[in-house]
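Asker: Quick one: this structure, given as structure tokens, is what I'll be asking you about.
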Amino acid sequence: NIEPKLHNFISKLTANYRGNRELSPYIRVAIYSLTSAGYSERSLVTLFSVSRPAIYHTIEL
């Protein structure tokens, strides 16, 4: 199962992220990649602990 590994990876990516700041390029790439792999915006909000608009704007870029 890839989910525990994915969660661990995302935890490392977001370790230094503080809310209301611009997402790092690494987080943006991960969000875009997971969206392309079929993950929903809602699941990415939960995984990355960011707002839905942050996910939406990342996907739209």
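Taken in order, the sequence shown gives residues 23 to 83; the numbers are from our numbering.
All C-beta atoms in this analysis are idealised placements derived from N, C-alpha and C, irrespective of residue type, glycine included.
Here the structure is a predicted model, which means the values were calculated and not measured.
Residues in its own chain within less than 6 Å of H29 by CB, not counting five upstream and five downstream?
Answerer: Answer for H29: no residue qualifies.
Asker: If L66 sits next to I49, beta carbons under 8 Å apart, how far is it from one beta carbon to the other, in whole angstroms?
Answerer: Their Cβ separation, rounded to whole angstroms, is 10 Å, which puts L66 and I49 out of contact at 8 Å.
Asker: Can you check whether the CB of V72 is closer than 9 Å to the CB of L45?
Answerer: yes
Asker: Looking at the unbroken alpha helix (DSSP H) that takes in L66, where does it start and where does it end?
Answerer: Start and end: E63 to F70.
Asker: Could you check what DSSP says for R50 in three-state terms: helix, strand or coil?
Answerer: helix
Asker: Grab me the residues of L56's own chain with a C-beta within less than 7 Å of its C-beta, minus the 5 sequence neighbours each way, in chain order.
Answerer: L66
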